[in-house]
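Residue numbers (this note's numbering): 506 to 911.
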């Protein structure tokens, strides 16, 4: 959740769009709806009461049949407000850190950043930007309203500076050899305007790179992964929809790949004089997206029913159920399934989340060591890629619960 905004929100509630925010085609059908969910998932809340009172809105996902883009057409941008009271970092996981270091090496090599300048829009706590600049020998500038200078976690690296603010037209004068934007585009409702702004910022510097990393919506549809759908994410891209947007707005997409167990899209692009022709294998997914969108409503209902039955049966049998992961996936899982006492707590290795409460449901977020005082019977891991890491942590605590992943 590397947050940002285009400052296009007003104080009034936004009207439902009548056209696709990506390609401007007429709005298509709804494929998924959930009512009254928290508007933020990574905000740090100090009490269950505060968590229960946290603002909620409805989510209504629409599928664009013209370009394959999926968006929340009920999204109310005026309610959103990112600040330093957010915690989205995954860098406390060895699994994630290994991935991040590998990606930093890849970007440094592909974009030849040595001796050059990197601008990261939506830099979060700045961890990846620092890793990239150290790895590649570059200077960096990050922009994010949720940046927080925590001692020991993001000590200042001399060649990286951070602006604690939203990115918008006021910053279009900035220059960089590589523009980086990871896990931010999905938080933006006016996606074409955003990409257009970046293209305008780059201007005639045709050798600049634009590197984006965004969750893959195709996987969400394939897996009926309702826990990966939440209010903060108002925009959902398949690889093809992602590339189509950038080609439309004056970029040539040179590389498109799926990473992190096929959960994330990584896209490399350079400025072009006009619209370029799709030529990468992952771009040709529109027909598949049509089929997935058609069957998603029935499949996701079945997945939700299955999880509700499993968790409620465990609770009825007196089993203690915990979620491993106290971030967005857990919040979506709990609120979508309307779970309360059936789940005892959410476990998170991020110390900044521990002692806080999940927005909407008010479940406590605890440290792994807290499980020793109340051993769980069933642990649900909110991201399968961490399954082995979680199992090893439980073994180290001498705990042997049933462990499953979503």
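Beta carbons are placed, not taken as given, at the ideal position from N, Cα and C, and that holds for glycine. Quick caveat: nothing in here was measured; it's all calculated off a predicted structure.
Would you please state the rounded distance, in angstroms, between the beta carbons of residue 873 and residue 854? I believe it to be under 8 Å.
Within the chain shown, residue 873 is the residue found at index 368, counting from 1. Within the chain shown, residue 854 is the residue found at index 349, counting from 1. With a Cβ gap of about 6 Å, residue 873 and residue 854 count as contacting.
Give every residue of the same chain whose Cβ lies closer than 7 Å to the Cβ of residue 525, excluding the five residues on either side of it in the sequence, and list them in chain order.
On the chain shown, residue 525 is found 20 positions in, with the first residue counted as 1. The residues are 532, 569, 571, 572, 574.
So, with DSSP's three-state summary, where would you put residue 522?
The sequence position of residue 522 within the chain shown is 17, counting from 1. In the structure shown, residue 522 sits in coil (DSSP, three-state: anything other than H, G, I, E or B).
Do the segment 702–714 and the segment 723–743 make contact, defined as three or more Cβ pairs closer than 8 Å?
At 8 Å Cβ cutoff, the stretches do not touch.
Which residue's Cα is closest to the Cα of residue 609: 633, 688, 629?
Stepping through the chain shown from its first residue, residue 609 is reached at position 104. The shortest C-alpha separation from residue 609 is found at 633.
Would you tell me roughly how many angstroms separate the C-alpha atoms of residue 677 and residue 698, rounded to the nearest one?
To locate residue 677, count along the chain shown from 1; it is residue 172. To locate residue 698, count along the chain shown from 1; it is residue 193. Computed Cα separation, rounded: 13 Å.
How big is the Cα-Cα spacing for residue 537 and residue 639?
For the purposes of this step, residue 537 is taken as the residue at position 32 of the chain shown. For the purposes of this step, residue 639 is taken as the residue at position 134 of the chain shown. Looking at the two C-alpha atoms, the distance is approximately 42 Å.
Would DSSP call residue 577 helix, strand or coil?
Here residue 577 refers to the residue found at position 72 when the chain shown is read from its first residue. Here residue 577 sits in strand by DSSP.
How would you write the range of the alpha helix (DSSP H) that residue 892 sits in, first residue to last?
The residue you call residue 892 lines up with position 387 of the chain shown. First-last of the alpha helix (DSSP H) with residue 892: 892–901.
Three Cβ pairs or more, each shorter than 8 Å: is that satisfied between the segment 739–754 and the segment 600–616?
These segments do not touch.
Answer with yes or no whether the minimum CB distance from residue 828 to chain D is below 9 Å.
In summary, chain D is missing from the structure at hand, where a single protein chain is found.
For residue 724, is the classification buried or exposed, using 16 other Cβ atoms within 10 angstroms of its Cβ as the cut-off for buried?
The residue given as residue 724 occupies position 219 in the chain shown. Buried.
Got a sec? Which residues, its chain only, sit under 6 Å from residue 910 by beta carbon, not counting five neighbours each side?
As a position in the chain shown, residue 910 is number 405, starting the count at 1. So the list reads 886, 889, 892, once near-sequence residues are dropped.
Closer than 8 Å by C-beta to residue 789: which residues in its own chain qualify, once you throw out the five before and the five after it? Chain order, please.
Residue numbering aside, residue 789 sits at position 284 when the chain shown is read from its first letter. Cβ within range, chain order: 745, 783.
Taking the beta carbon of residue 577 as the centre, do at least 16 other beta carbons fall within 10 Å, making it buried, or is it exposed?
Here residue 577 corresponds to residue number 72 of the chain shown, with the count starting at 1. Flag for residue 577 reads buried.
Please report the straight-line C-alpha distance between residue 896 and residue 852, rounded to a whole angstrom.
For the purposes of this step, residue 896 is identified with residue 391 of the chain shown, where counting begins at 1. For the purposes of this step, residue 852 is identified with residue 347 of the chain shown, where counting begins at 1. The straight-line gap from Cα to Cα measures roughly 13 Å.
Which ranges does the beta strand (DSSP E) cover as unbroken runs of at least 3 residues, wholly within the segment 845–885, from first to last along the chain?
As far as the segment 845–885 is concerned, its whole beta strand (DSSP E) runs of at least 3 residues are 850–852.
Does the segment 756–773 come into contact with the segment 830–848, if we say contact requires no fewer than three beta-carbon pairs (one atom in each stretch) closer than 8 Å?
With the cut-off at 8 Å, the segment 756–773 and the segment 830–848 do not touch.
Quick check on DSSP: helix, strand or coil for residue 558?
Locating residue 558 in the chain shown gives position 53, counting from the first residue. Residue 558 falls in the coil class under three-state DSSP.
Are the beta-carbon atoms of residue 856 and residue 591 separated by less than 9 Å?
Residue numbering aside, residue 856 sits at position 351 when the chain shown is read from its first letter. Residue numbering aside, residue 591 sits at position 86 when the chain shown is read from its first letter. Going by C-beta atoms, residue 856 is not nearer than 9 Å to residue 591.
Identify the continuous beta strand (DSSP E) that holds residue 541 and give its terminal residues.
Counted from its first residue, the chain shown places residue 541 at position 36. 535–543 is the span of the beta strand (DSSP E), which, as asked, contains residue 541.
What does residue 591 pair with, by DSSP beta-bridge criteria?
As a first step, residue 591 is located in the chain shown; it is residue number 86 there, counting from the start. Partner(s): 548.
Would you call residue 648 buried or exposed, if buried means 16 or more other Cβ atoms sit within 10 Å of its Cβ?
The sequence position of residue 648 within the chain shown is 143, counting from 1. The residue in question, residue 648, is buried, as its Cβ has 16 or more Cβ neighbours within 10 Å.
Considering only C-alpha positions, which residue in the set 822, 898, 884 is nearest to residue 906?
On the chain shown, residue 906 is found 401 positions in, with the first residue counted as 1. Out of 822, 898, 884, 884 has the C-alpha closest to the C-alpha of residue 906.
Classify residue 719: buried if its beta carbon has 16 or more other beta carbons within 10 angstroms, exposed otherwise.
Against the chain shown, residue 719 aligns to sequence position 214. With 16 or more Cβ atoms within 10 Å of its Cβ, residue 719 is classed as buried.
In chain order, what residues of the same chain lie with their CB nearer than 8 Å to the CB of residue 612, ignoring the 5 residues before and after it?
Start at 1 with the first residue of the chain shown, and residue 612 comes out as number 107. So the qualifying residues of the chain are 618, 637, 641, 683, 685, 716.
If we ignore side chains and look at the alpha-carbon of each, how far apart do residue 803 and residue 583 end up?
Numbered from its first residue, the chain shown carries residue 803 at position 298. Numbered from its first residue, the chain shown carries residue 583 at position 78. Going by the C-alpha atoms only, they are around 32 Å apart.
Tell me the rounded alpha-carbon separation between residue 898 and residue 828.
Taking the first residue of the chain shown as 1, we reach residue 898 at position 393. Taking the first residue of the chain shown as 1, we reach residue 828 at position 323. Each residue's alpha carbon lies about 14 Å from the other.
Could you pull the start and end residues of the alpha helix (DSSP H) that residue 722 belongs to?
For the purposes of this step, residue 722 is taken as the residue at position 217 of the chain shown. Run containing residue 722: 722–728, per the alpha helix (DSSP H) assignment.
Can you check DSSP and say which residues form a bridge with residue 776?
Stepping through the chain shown from its first residue, residue 776 is reached at position 271. Bridge partners of residue 776: 756.
Decide if residue 543 is buried, meaning its Cβ has at least 16 other Cβ atoms within 10 Å, or exposed.
In the chain shown, counting from the first residue as 1, residue 543 sits at position 38. Answer is buried; the Cβ neighbour count reaches 16.
Using 9 Å as the threshold, is the C-beta distance between residue 587 and residue 651 below it?
Along the chain shown, one-based indexing puts residue 587 at 82. Along the chain shown, one-based indexing puts residue 651 at 146. It is a contact, given that the beta carbons lie within the stated cut-off.
Pick out whichever of 614, 747, 732 has its Cα sitting closest to the Cα of residue 770.
Walking along the chain shown from the start, residue 770 turns up at place 265. The shortest Cα separation from residue 770 among 614, 747, 732 belongs to 747.
Assuming contact is defined by CB atoms lying nearer than 9 Å, are residue 624 and residue 690 in contact in what I supplied?
Along the chain shown, one-based indexing puts residue 624 at 119. Along the chain shown, one-based indexing puts residue 690 at 185. The answer is no: Cβ separation not under 9 Å.
I need the DSSP call for residue 742, collapsed to helix, strand or coil.
Position 237 of the chain shown, counted from the start, is the residue given in the question as residue 742. Reduced to three states, the DSSP call for residue 742 is strand.
Checking 9 Å against the spacing of the C-beta atoms, do residue 801 and residue 726 come in under that value?
Here residue 801 refers to the residue found at position 296 of the chain shown. Here residue 726 refers to the residue found at position 221 of the chain shown. Against a cut-off of 9 Å, the Cβ pair of residue 726 and residue 801 comes out as a contact.
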